[in-house]
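Read through the structure below, which is laid out as structure tokens, and then see the notes.
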């Protein structure tokens, strides 16, 4: 079982990542749902997760020579087993072979099967695969310029593109455009078989309808969710303002309230979660004490014999009282051998350490915090601060949690004023997944803290005045409020929405390319050694190296 630990670790991280995203989005949409109900709007559906399962039986329309669905599942299953075997054996070739089978070959066969099952023109599957892969390769190039890439990276990219293309093919019947009227059922698409239109229905995994006609459902893909309010689609003739219980039949103030409720719930949920975590378990903070909480593997301090847990008391006879004082004293000593005195188990030990000269490091302010977008040359000792848990009362935790949205807004304002800092501060899905991996190692404390911070970020980001975000829709409704409830023209709404969508796509692409650069080490920043922490060093602390100077 110990050999399978890496597999279980990855699976656990993925599960918790999807769980966190699903919960925070569901809470956000719950805000929209409750506000819409309070405003007299009819909510047609409240769904957790995304996507549906095809419920329409197309067996009578199956063409001859269709690829066996059972064969596809067998290939995918064998691929997963091969990946597990490669992980257990620590054999990259075996793992990659399994990834090719389950992530490339099986999705390709499934896409070709769906192309024929839906009677789409020949080559549709290959075109969609090539478009998807071209987009991903372009993003990879923007983030890495194709430097430091191994075979695993390329296979992973192709596998991701194949799975995305397969999902696009699966939902092809739904891609015929938006409903022509409000009566059309959600999730109903169509295919054309020998000139005949065949309806294709996609439904949730589980659903129930309450007495008000709202369908509560659990969908297929474990990511996100939505609340669908009646009459939110605009029409050329403006008939959305006459739909009973519709969004646009209500006063603009009620519409603003409904749109604002989603971000409000996200922020409040984040504050409540953080308050609960910090009040019960304390808040993890970086200690200001000159304690060695981490060591760079192969760094100057580790080579000299300094250990995690040591307290640095003097550098070149200058007394040290804070961790920031370490950096200042090392910089003052220059790139020369320096005498570092530490307190260890009641003894005072002195080591001779030659700091590493490193260019392109983030510039630090007077308190030792990185200044986004600015670089400098620094002398590195290779030590990290110790993390401590600060116990907090309920009142203190509540006040600290309420301050977090202010901190996030200030960070967002700084990013807007200094776009060049985006490389240091922006993050996409890869960054969130990596944060989840780190949080998973800390147990419930880490996961709940991450959930609270992501919920705050979701709420604040959704208030940006960019359609189709809630903030962008609020701007449109606020303008209509000033106009006495008169709707903006359809052309103007479409123009603003299209511009917002393009901007959102650019932001998503930028965040993902920055992520790819970080993962592959192509950010332009120096690649520093991995930092070992106290937990990594417990077994090593049994044999202490002798100091250079007694």
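In this note's numbering, the protein residues as written are 91 to 640. Note that the Cβ used here is the ideal one computed from N, Cα and C, for glycine as well.
| Item | Value |
| --- | --- |
| Rounded C-alpha distance that separates residue 188 from residue 324 | 47 Å |
| Contact check, residue 291 vs residue 145, beta carbons under 8 Å | yes |
| Residue 451 in three-state terms, based on DSSP | strand |
| Integer-rounded CB distance, given that residue 117 should sit under 8 Å from residue 356 | 6 Å |
| Best match in 498, 530, 585, 332 for proximity to residue 548 [C-alpha to C-alpha] | 498 |
| Span of the alpha helix (DSSP H) around residue 201 | 196–207 |
| Residue range of the beta strand (DSSP E) that includes residue 705 | Look at the range of the chain in this structure, 91 to 640, and you will see that residue 705 is not part of it. |
| Element boundaries [alpha helix (DSSP H), containing residue 349] | 342–371 |
| CB of residue 567 within 8 Å of CB of residue 346, strictly | yes |
| Span separating the alpha-carbon of residue 400 from that of residue 363 | 35 Å |
| Whole-Å CB distance - residue 558 paired with residue 591, under 8 Å assumed | 6 Å |
| Closest by C-alpha distance to residue 353, when choosing among 587, 123, 311, 387 | 123 |
| Of the residues 426, 388, 432, 157, the one placed nearest residue 472, counting alpha carbons only | 388 |
| Inter-residue CB distance, residue 398 and residue 384 (contact presumed, cutoff 8 Å) | 7 Å |
| Span of the alpha helix (DSSP H), counted from its first residue to its last, around residue 539 | 534–551 |
| Contact under 8 Å by Cβ, residue 348 with residue 126 | yes |
| Exposure of residue 298, with buried meaning 16 or more beta-carbon neighbours within 10 Å | exposed |
| Rounded Cβ spacing between residue 255 and residue 222 (contact assumed at less than 8 Å) | 4 Å |
| Reduced DSSP category for residue 306 - H, G, I as helix; E, B as strand; rest coil | strand |
| Where residue 642 sits in the DSSP three-state scheme | Because the chain here runs from 91 to 640, residue 642 falls outside it and cannot be looked at. |
| Cβ neighbours of residue 153 in the same chain (closer than 8 Å, five flanking residues each side left out) | 206, 207, 209 |
| Cβ neighbour criterion (16 or more within 10 Å) applied to residue 480 | exposed |
| Endpoints, the beta strand (DSSP E) within which residue 136 is located | 133–140 |
| From 468, 428, 302, 434, residue whose alpha carbon lies closest to that of residue 655 | Residue numbering for the chain in the displayed model covers 91 to 640; residue 655 lies beyond these limits and cannot be assessed. |
| Cβ neighbours of residue 194 in the same chain (closer than 6 Å, five flanking residues each side left out) | 248, 249, 252 |
| With 16 other Cβ atoms within 10 Å as the buried cut-off, status of residue 289 | exposed |
| Exposed unless 16 or more other CB atoms sit within 10 angstroms - verdict on residue 179 | exposed |
| Delimiting residues of the alpha helix (DSSP H) encompassing residue 414 | 413–423 |
| Of the residues 394, 432, 426, the one placed nearest residue 409, counting alpha carbons only | 432 |
| Selection from 425, 412, 215, 183 that minimises the alpha carbon distance to residue 198 | 215 |
| Inter-residue spacing [alpha-carbon to alpha-carbon] between residue 175 and residue 192 | 14 Å |
| Residue 444 - DSSP class collapsed to helix/strand/coil | coil |
| Residue 121, buried or exposed, once every other Cβ within 10 Å from all chains shown has been counted against 16 | buried |
| Which listed residue (428, 596, 228, 318) has its alpha carbon closest to that of residue 140 | 318 |
| Simplified DSSP assignment, three categories, for residue 428 | strand |
| DSSP state of residue 473 mapped onto helix, strand, coil | strand |
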